[in-house]
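Here is the structure we will look at, set down as structure tokens.
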Amino acid sequence: MFTKKRTLLFLTFMVILSLTLVACGATPAPTTATDEPTAPSSEKSITIVIAEDPPTFNPMVADTGYDSLVMELVLLGMADIDPNGNVFPELAAELPTVENGGVTIDEEAGTMSVTWTMRDDIQWSDSTPVTADDVLFTWAAISDPVNGLWIPGIDYIDSVEQLSKYSFVVNYNAVYPGYLTQFGGEQLAIWPAHYCNLEQGFVAWDCGREPLSDGPFVLHDWIEGDHMTFHKNDKYYLAPKPEIDQVIVQIVPDDAVRKTMMLNGDADIDMWINANTAKDLEGSEGAKVSLSPTDRWLMRLYINLAEKGTVDSAATPHPILSDVNVRKAIRSAIDVDTIVNEIFHGLATPHWTEFFRPPYQCAVPRPAFDPEAAKAALESAGWKDTDGDGVRECRGCTTGAPDGYKMEMEFITYAEFGEPLELTQQLIAEMLGEIGIQMNITVVEGSILWDQAENGGIEQSGNFDVDIWDDGYAGVDPTDYIWELYSEEALVPGGGNNVMRYDNPEVDALIDEAYTLDEASRKETFCKIADILNEDVPIVYLFTTPNLEAYSARLVGVQSSVNDLVTWNIADWTLK
Amino acid sequence: MTTYILRRLIQTVGLLFILSVILFTLVNAAPGGPITAYAGRRPRPEQVERLKRQFGLDQPLPLQYVYWLVGNDWTKIDTDGDGIQDEPGARKGILRGDFGFSYRTRQPVLDEIAKRLPNTVTLMGITMFVALAIAIPLGIYSAIKQYSLFDFFATTFSFAGQAVPEFWLGLLLIIVFYAWLKNPVTGEPLLPSGGISSLDGGFSLSDRLAHLVLPVLTGTLGWIAWYSRFLRSSLLEILPLNYLKSARARGLTERKVIFKHALSNAMIPIVTLIALDLPYIFTGAVLIESIFAWPGMGRLYYQAAVDRDYPLLLAVLIIGAAFIILCNLVADTLYAYLDPRVRYE
Chain A
-8 MFTKKRTLLF LTFMVILSLT LVACGATPAP TTATDEPTAP SSEKSITIVI AEDPPTFNPM
52 VADTGYDSLV MELVLLGMAD IDPNGNVFPE LAAELPTVEN GGVTIDEEAG TMSVTWTMRD
112 DIQWSDSTPV TADDVLFTWA AISDPVNGLW IPGIDYIDSV EQLSKYSFVV NYNAVYPGYL
172 TQFGGEQLAI WPAHYCNLEQ GFVAWDCGRE PLSDGPFVLH DWIEGDHMTF HKNDKYYLAP
232 KPEIDQVIVQ IVPDDAVRKT MMLNGDADID MWINANTAKD LEGSEGAKVS LSPTDRWLMR
292 LYINLAEKGT VDSAATPHPI LSDVNVRKAI RSAIDVDTIV NEIFHGLATP HWTEFFRPPY
352 QCAVPRPAFD PEAAKAALES AGWKDTDGDG VRECRGCTTG APDGYKMEME FITYAEFGEP
412 LELTQQLIAE MLGEIGIQMN ITVVEGSILW DQAENGGIEQ SGNFDVDIWD DGYAGVDPTD
472 YIWELYSEEA LVPGGGNNVM RYDNPEVDAL IDEAYTLDEA SRKETFCKIA DILNEDVPIV
532 YLFTTPNLEA YSARLVGVQS SVNDLVTWNI ADWTLK
Chain B
474 MTTYILRRLI QTVGLLFILS VILFTLVNAA PGGPITAYAG RRPRPEQVER LKRQFGLDQP
534 LPLQYVYWLV GNDWTKIDTD GDGIQDEPGA RKGILRGDFG FSYRTRQPVL DEIAKRLPNT
594 VTLMGITMFV ALAIAIPLGI YSAIKQYSLF DFFATTFSFA GQAVPEFWLG LLLIIVFYAW
654 LKNPVTGEPL LPSGGISSLD GGFSLSDRLA HLVLPVLTGT LGWIAWYSRF LRSSLLEILP
714 LNYLKSARAR GLTERKVIFK HALSNAMIPI VTLIALDLPY IFTGAVLIES IFAWPGMGRL
774 YYQAAVDRDY PLLLAVLIIG AAFIILCNLV ADTLYAYLDP RVRYE
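See the structure below:
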């Protein structure tokens, strides 16, 4: 059966078959854009390593962050935001304001109109000029009831009208403070009307995967799951920028491998690294870490003021957490500095208010870490450990809990953040255990925590006591975010994000007042809200974590930003 | 035999139908829906409604299953959310080869699979071939030289091979062959850390082979241990049997006794095992593909699971299930072919 000759023949056949597979099988057809960009010089090529493929170049479709990363390479919006929160024009000739006449407000009707004037020297990579036609086309695609998508502030827009080849007006049915980045920012670009097929639909059109470029680079090829190559766009309006000729976006799923590539000098950017990786890169000659100058993600404890499994804090108050003194005691018992230093290696900043980002920074006094005061507050609130098991019981508490009710709660977080958050959760549970509150920890997937109530989403259905995760608003305008988080209208499951079921008419009135373009007035309003929240404690704010991006020492100009992806200023990057 | 195969094929259709119901129900019953994955952490209700319509999740689950199976081009649906079913659907259903579109990329699911499948077939096919090329001689020699020093080392190696986690071994190999060891001539890393080819150049066979070394090495270790242990045990059961003694008594050489008479019987369970492992060539290996940045089916499946990309997830599951059932049928048929004692009548 197995003669030498037959075995040899079989092995030869298998080797030939293997080589054929290697040669032919693993050659996916590349996606190539329609134009021919500049041939790159290998001397000015950089490699960005990311964990997964961007689904498309349209971040509105799947919002993975990787789509925004590559969108910034090839597409422009009307305006964008820098790391310090300053809005700057891209396609716009200047930013429309009340002062320059670009914004007109009808006080009586409570409406406003914003007139945008575009630059007339920007063209697509096929030499077609970028005009107001493209903006109106993009708006038509977004607002299409079948294939369109919801974008922030879309409900405030009544109409978008073209005024000339390079100008258009947006008519709002309210005063909308976030108007400057509504047609730009990290998520929305202006798409080419003559190239994209409206019939295919905004969410699925081919130009979302093979885009025409008006940005600094042009897509050359895309081998899915492996890499994308971009070449310098000769027709970029800020020519001779960019200095870099070629950008390779390489897909490397494992973070340890990405870190090794950074250390080995084979990668120039590794985005969204965690604190542990940043610590490992310390002292490396070839790799550096860029921190965002301001933070966005504020780690906090969401406290359910309604009884677990219910959604009405007035009708069914939480048996433990509906007492503000208990909430304050929890806040006093958490040593934020220890978490920041021990778990986040100092790469986090304690914050105790929602309003910590410029331009809306409020001077709220920092709550003291004082476990003894926390114990005393719980005693006064009628929570005592009379049976000596280390867990307090209700002995005269005012929340409506029956006598003897144990101070024991479920404490949830989400898995995707990774080890630092799970350690934080464990440490906080220990700290609260020290003052007699037993927290039983649970880790779930984010999609389960944040899903809709009808799908069993934990927060929306009120099926939690306390959970911990990082939240924050995109861009520089917090108004809608504050409304969705603290307003009475956002209490209803599915109506908003007020999963604490926090209801304070004074806060509701202040949120309404915040819908104005007067920045000073807005700041005053926000700071009043900050003071009230500091007293009511529907959320315990802990610390912020910056965006961390690893970059190679040969690269100059990289600046991490919480307002955008690291590639927000790639046209300005240079090589040493 | 033909009747048997036909009967099994008919049973396969029924089995696949039952499987499709179970898989569809299980995938949709998993907590955490696709909406939060595609509309941000906390989507607005308007956004949720629109996405549900686009994904077809606004229909009751049984109807979603019917649309997935046979399509919805025979009925009218509400595409714009005005409550009026005014447009005929565009889906043809999996029975007509339409597995829908990926929620993540909005591209046809089969296109997504077609881009990844050749890579996985290449990696897993070569891994299996290399594993067998090493495991078979290893198993034979271990059995012939039972309790020898070689057998001792082979046994130790096999246990180690099965015990070492792939993710650990993969990272270790990357550190050694990519980060530590350099090509003495060029100063470049001895082997690439991952990917299917180098990014700065055209096709080169040596480059492709260099990219295969580490993932294949990581993948083969477990399989070598698996197959060699089975073959060793199988041979050890057969070697003392009387028909081999009689073969030796007839004056056959030991080589002929082993390779012609013993191995042909010992290989029967191994061939079955190989047939049952063949589906890996389609489904890929998640860990190896992730560590070595290999754009294959394993990563595609994992990503689909994480992203709640139901159409893609279901397509990989149902095609994978069909492949497993088919490979079982092949294994059973081969068994009858290789072992004259087995007859399907």
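Protein sequence lines correspond, in order, to chains A and B.
Going by this note's numbering, the first sequence opens with residue -8, and the numbers climb by one from there.
Going by this note's numbering, the second sequence opens with residue 474, and the numbers climb by one from there.
For each residue, glycine too, the CB sits at the ideal point set by N, CA and C.
Could you tell me the distance, in whole angstroms, from the CA atom of residue i to the CA atom of residue j?
i	j	result
A/Glu421	A/Asn295	20 Å
A/Asn560	B/Ile792	44 Å
A/Pro28	A/Asp197	For A/Pro28, the pLDDT reaches just 48, beneath the cut-off of 50, and the residue's location in the model is therefore unreliable, leaving the point undetermined.
B/Phe703	B/Met740	9 Å
B/Val759	A/Ala258	23 Å
B/Ile599	B/Leu646	18 Å
B/Trp699	B/Ile747	11 Å
A/Pro231	A/Ile523	52 Å
A/Ser116	A/Arg200	16 Å
B/Arg577	B/Arg523	15 Å
B/Glu585	B/Ala778	14 Å
A/Ala195	B/Leu682	37 Å
A/Ile402	A/Lys299	One detail in the question is off: residue 402 of chain A reads as Phe in this sequence, not Ile. A/Phe402 and A/Lys299: Cα-Cα distance of roughly 12 Å.
B/Ile754	B/Cys800	11 Å
B/Leu664	B/Phe650	6 Å
A/Gln352	A/Phe534	15 Å
A/Thr142	B/Thr509	Here residue 142 of chain A is Ile; the residue named in the question, Thr, does not match the sequence. Roughly 15 Å separates the two Cα atoms.
A/Ala500	A/Leu171	25 Å
A/Ala357	A/Arg110	According to the sequence shown, residue 357 of chain A is Arg rather than Ala. Rounded to whole angstroms, A/Arg357 to A/Arg110 spans 47 Å at the Cα level.
Of the choices the options, whose alpha-carbon is the least far from that of residue i?
i	options	result
B/Ala809	B/Thr745, B/Phe490, B/Gln776 and B/Leu492	B/Thr745
B/Met601	B/Ile761, B/Asp750, B/Leu811 and B/Lys588	B/Asp750
A/Val105	A/Asn75, A/Asp125, A/Arg357 and A/Glu152	A/Glu152
B/Asp673	A/Pro207, A/Lys270, A/Gln241 and A/Thr390	A/Gln241
A/Ser438	A/Thr404, A/Asp468 and A/Thr470	A/Thr404
A/Leu179	A/Ile145, A/Ile419 and A/Lys156	A/Ile145
B/Ser631	B/Gly695, B/Val789 and B/Asp546	B/Gly695
A/Thr389	A/Trp374, A/Met253 and A/Thr88	A/Trp374
A/Tyr532	A/Lys270, A/Ile321 and A/Ile432	A/Ile321
B/Leu590	A/Pro45, A/Asn188 and A/Glu215	A/Glu215
B/Phe625	B/Ala636, B/Leu611 and B/Phe572	B/Leu611
B/Leu717	B/Ser679, B/Thr806, B/Ser737 and B/Tyr540	B/Ser737
A/Thr609	A/Leu282, A/Ala392, A/Ser452 and A/Ala354	Residue numbering for chain A in the displayed model covers -8 to 567; residue 609 of chain A lies beyond these limits and cannot be assessed.
B/Ser719	B/Leu542, B/Leu687, B/Glu710 and B/Ala735	B/Ala735
A/Asn188	A/Ile432, A/Gly381 and A/Thr129	A/Thr129
A/Gly387	A/Asp380, A/Glu363 and A/Ser371	A/Ser371
A/Pro411	A/Ala541, A/Val52, A/His336 and A/Ser118	A/His336
Would you grab the beta carbon distance between residue i and residue j for me? Rounded to a whole angstrom, and I think it's under 8 Å.
i	j	result
A/Val238	A/Leu64	6 Å
B/Val521	B/Ala512	6 Å
A/Val121	A/Asp225	Not confirmed; about 16 Å, so no contact.
A/Ala465	A/Leu272	Contact doesn't hold; Cβ gap of about 27 Å is too wide.
Name the chain B residues that come within less than 8 Å of residue i, Cβ to Cβ?
i	result
A/Val439	For the record, residue 439 of chain A in the displayed sequence is Ile; it is not Val. The contacting residues are Pro504 and Gly505.
A/Gln241	Gly668, Leu672 and Ala766
A/Val194	Gln527 and Arg579
A/Thr47	Thr578 and Arg579
A/Thr251	Ile647, Ile648, Tyr651, Ala652 and Ser666
Name the chain B residues whose beta carbon is nearer than 9 Å to that of residue i?
i	result
A/Asp442	Pro504, Gly505, Gly506, Ile508 and Thr509
A/Glu436	Pro504, Gly505 and Val779
Check the Cβ of residue i against every Cβ in chain A and list those closer than 7 Å, keeping chain order.
i	result
B/Gln776	Glu43
B/Ser763	Pro244 and Asp245
B/Gly513	Asp54
B/Thr552	Val137
B/Ile617	Near B/Ile617 there are no residues of chain A at all, since even the closest Cβ is about 14 Å away, more than 7 Å.
B/Pro662	Asn255
B/Leu644	Ala247
Residues of chain B with CB closer than 7 Å to the CB of residue i, please, in chain order.
i	result
A/Trp584	Because chain A in this structure spans residues -8 to 567, residue 584 of chain A falls outside the shown range and cannot be described.
Whose Cβ in chain A lies nearer than 8 Å to the Cβ of residue i?
i	result
B/Val500	Within 8 Å Cβ-Cβ: nothing; B/Val500 doesn't reach chain A, min ~13 Å.
Where in the region 388 to 450 of chain A do unbroken runs of the alpha helix (DSSP H), each at least 4 residues long, occur, reported from the N-terminal end onward?
410 to 425 and 437 to 441
Suppose only complete runs of 4+ residues qualify. What are the alpha helix (DSSP H) ranges in the region 510 to 561 of chain B, listed by chain order?
Within the region 510 to 561 of chain B, the complete alpha helix (DSSP H) runs of at least 4 residues are 518 to 528 and 534 to 543.
Residue ranges of each alpha helix (DSSP H) within the region 65 to 143 of chain A, 4 or longer:
123 to 134
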